[in-house]
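For reference, the structure is listed below as structure tokens.
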Amino acid sequence: AQSVTQLGSHVSVSEGALVLLRCNYSSSVPPYLFWYVQYPNQGLQLLLKYTSAATLVKGINGFEAEFKKSETSFHLTKPSAHMSDAAEYFCAVISPGFQKLVFGTGTRLLVSP
Amino acid sequence: ETGVTQTPRHLVMGMTNKKSLKCEQHLGHNAMYWYKQSAKKPLELMFVYNFKEQTENNSVPSRFSPECPNSSHLFLHLHTLQPEDSALYLCASSQGQTDNSPLHFGNGTRLTVT
Numbered sequence: 001a002q003s004v005t006q007l008g009s010h011v012s013v014s015e016g017a018l019v020l021l022r023c024n025y026s027s028s029v030p031p032y033l034f035w036y037v038q039y040p041n042q043g044l045q046l047l048l049k050y051t052s053a054a055t056l057v058k059g060i061n062g063f064e065a066e067f068k069k070s071e072t073s074f075h076l077t078k079p080s081a082h083m084s085d086a087a088e089y090f091c092a093v094i095s096p097g098f099q100k101l102v103f104g105t106g107t108r109l110l111v112s113p
Numbered sequence: 001e002t003g004v005t006q007t008p009r010h011l012v013m014g015m016t017n018k019k020s021l022k023c024e025q026h027l028g029h030n031a032m033y034w035y036k037q038s039a040k041k042p043l044e045l046m047f048v049y050n051f052k053e054q055t056e057n058n059s060v061p062s063r064f065s066p067e068c069p070n071s072s073h074l075f076l077h078l079h080t081l082q083p084e085d086s087a088l089y090l091c092a093s094s095q096g097q098t099d100n101s102p103l104h105f106g107n108g109t110r111l112t113v114t
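Residue numbers (my numbering), protein chains in the order written: chain A, 1 to 113; chain B, 1 to 114.
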């Protein structure tokens with residue numbers, strides 16, 4: 001079975017501060033992991049993906065995530081938040097052979113000036 | 001032109017109405033998906049088509065009926081819906097129904113059932 005847990009339905013940061021969005025996964029085999037972002041009134045957009053190559057994955061808009069097998073985590077970070085980063089972020093996991101992507105419940109990022 | 005286009009963007013329908021949602025992808029992908037997004041719930045996969053063949057029906061009620069006439073078009077036919085069916089319906093496509101093919105989403109249809 002595979003699942004993903006996103007800790008914190010809302011995260012608030014100030015502009016320029018570090019962004020850290022948490023994602024923990026459960027999978028019986030080494031998984032593929034994704035982060036998607038959803039801006040208001042839009043669909044989801046791929047930020048980055050981990051597919052068993054480098055454990056530190058760089059994505060669009062300055063975001064990156066690190067795969068840590070020992071912690072079953074795939075947290076999303078950005079060194080300096082921008083107002084335009086305010087959106088909802090979804091972590092997703094798929095176990096090879098399952099062919100079914102499982103999404104977390106999402107974390108809404110709020111950025112204040 | 002965006003990669004995945006959904007129409008209409010908003011739809012209000014009564015419980016006795018029949019309506020259809022349309023999705024079109026311009027990415028040359030072979031797999032297409034319908035997802036339901038409700039507040040405070042994870043995205044729910046409804047249907048998957050791979051090379052026009054339905055490969056997944058995630059225990060969706062029969063009042064939702066998908067149609068995939070070709071690899072570029074996907075429809076969701078709706079009839080006798082319930083108020084709890086009100087949600088954002090997202091269409092997505094991917095290169096194939098493989099494990100690491102990322103999904104490309106449309107902007108969704110916001111459905112309200114009255």
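Note that beta-carbon positions come from the ideal geometry of N, C-alpha and C, so glycine has one too. If you're wondering where the values come from, they're calculated on a predicted model, not measured in any experiment.
Would you say Leu45 of chain B faces chain A, with C-beta separation under 9 Å as the test? Here residue 45 of chain B refers to the residue found at position 45 when the second sequence is read from its first residue. Answer yes: the Cβ-Cβ gap between Leu45 of chain B and chain A drops below 9 Å somewhere.
In chain order, which alpha helix (DSSP H) runs of at least 4 residues are fully inside the segment 42-88 of chain B? none
Spatial neighbours of Ser28 of chain A in its chain, beta-carbon cut-off 8 Å, leaving aside the 5 residues before and after: What you label residue 28 of chain A is simply residue 28 of the first sequence in a count that begins at 1. The residues are Ala1, Gln2, Ser95.
Would Leu88 of chain B and Arg63 of chain B be called neighbours here (beta carbons separated by less than 9 Å)? On the second sequence, residue 88 of chain B is found 88 positions in, with the first residue counted as 1. On the second sequence, residue 63 of chain B is found 63 positions in, with the first residue counted as 1. Not a contact, by the Cβ cut-off of 9 Å.
Any C-beta of chain A under 9 Å from that of Thr7 of chain B: The count along the second sequence starts at 1 and reaches residue 7 of chain B at position 7. Cβ-Cβ to chain A under 9 Å: no for Thr7 of chain B.
Segment contact flag, the segment 12-28 of chain B with the segment 47-57 of chain B, C-beta cutoff 8 Å, min 3 pairs: no
Where Ala31 of chain B and Lys52 of chain B are concerned, what is the direct C-alpha to C-alpha distance, given to the nearest angstrom? Indexing the second sequence from 1 puts residue 31 of chain B at position 31. Indexing the second sequence from 1 puts residue 52 of chain B at position 52. Cα to Cα, the separation comes out at about 8 Å.
Residue from A:Leu110, A:Gly106, A:Ser14 with nearest C-alpha to Ser38 of chain B: On the second sequence, residue 38 of chain B is found 38 positions in, with the first residue counted as 1. If we check each option's Cα against that of Ser38 of chain B, A:Gly106 comes out closest.
Residues that Leu109 of chain A bridges to, as DSSP identifies them: The residue labelled residue 109 of chain A in the question sits at position 109 within the first sequence. In DSSP, Leu109 of chain A forms a bridge with A:Val11, A:Ala87.
Could you check whether Leu21 of chain A and Thr162 of chain A sit closer than 9 Å to each other, using their CB atoms as the reference points? Residue 162 of chain A is absent from the structure shown; chain A starts at 1 and stops at 113.
Smallest Cα separation from Asn57 of chain B: which of B:Leu76, B:His10, B:Pro102, B:Leu21? Mapped onto the second sequence, residue 57 of chain B falls at position 57. The shortest C-alpha separation from Asn57 of chain B is found at B:Leu76.
Residue range of the beta strand (DSSP E) that Thr7 of chain B falls in? Against the second sequence, residue 7 of chain B aligns to sequence position 7. Start and end: 4-7.
So for Lys69 of chain A, helix, strand or coil by DSSP? As a working mapping, residue 69 of chain A is identified with position 69 in the first sequence. Residue state, collapsed to three classes: helix.
Look at the alpha carbon of Pro42 of chain B and the alpha carbon of Cys91 of chain B, and state the distance between them as a whole number of angstroms. Within the second sequence, numbered from 1, the residue matching residue 42 of chain B stands at position 42. Within the second sequence, numbered from 1, the residue matching residue 91 of chain B stands at position 91. Straight-line Cα distance between these residues: approximately 15 Å.
What in chain A is Cβ-close to Gly108 of chain B, meaning under 7 Å? Translated into positions along the second sequence, residue 108 of chain B becomes position 108. Within 7 Å Cβ-Cβ: Gly43.
Against chain A, which members of the segment 19-44 of chain B pass a CB distance test of less than 8 Å? Lys40, Lys41, Pro42, Leu43
Same chain, Cβ closer than 7 Å to Gln95 of chain B, five either side skipped, listed in chain order: By 1-based counting over the second sequence, the position of residue 95 of chain B is 95. Only His29, Asn30, Ser101 meet the Cβ criterion.
Supposed close pair Leu44 of chain A, Phe90 of chain A - CB separation, criterion 8 Å: Numbered from 1 along the first sequence, position 44 holds the residue referred to as residue 44 of chain A. Numbered from 1 along the first sequence, position 90 holds the residue referred to as residue 90 of chain A. Rounded, the Cβ-Cβ distance is 6 Å, consistent with contact.
By Cβ distance, which residues of its chain are closer than 7 Å to Lys36 of chain B, with the 5 residues on each side in sequence left out? Taking the second sequence and counting its residues from 1, the one referred to as residue 36 of chain B is at position 36. For Lys36 of chain B, where only same-chain residues beyond five positions count, the Cβ hits under 7 Å are Glu44, Met46, Ala87, Tyr89.
Span separating the alpha-carbon of Ser9 of chain A from that of Gln42 of chain A: Within the first sequence, residue 9 of chain A is the residue found at index 9, counting from 1. Within the first sequence, residue 42 of chain A is the residue found at index 42, counting from 1. The alpha-carbon atoms of Ser9 of chain A and Gln42 of chain A are separated by roughly 19 Å.
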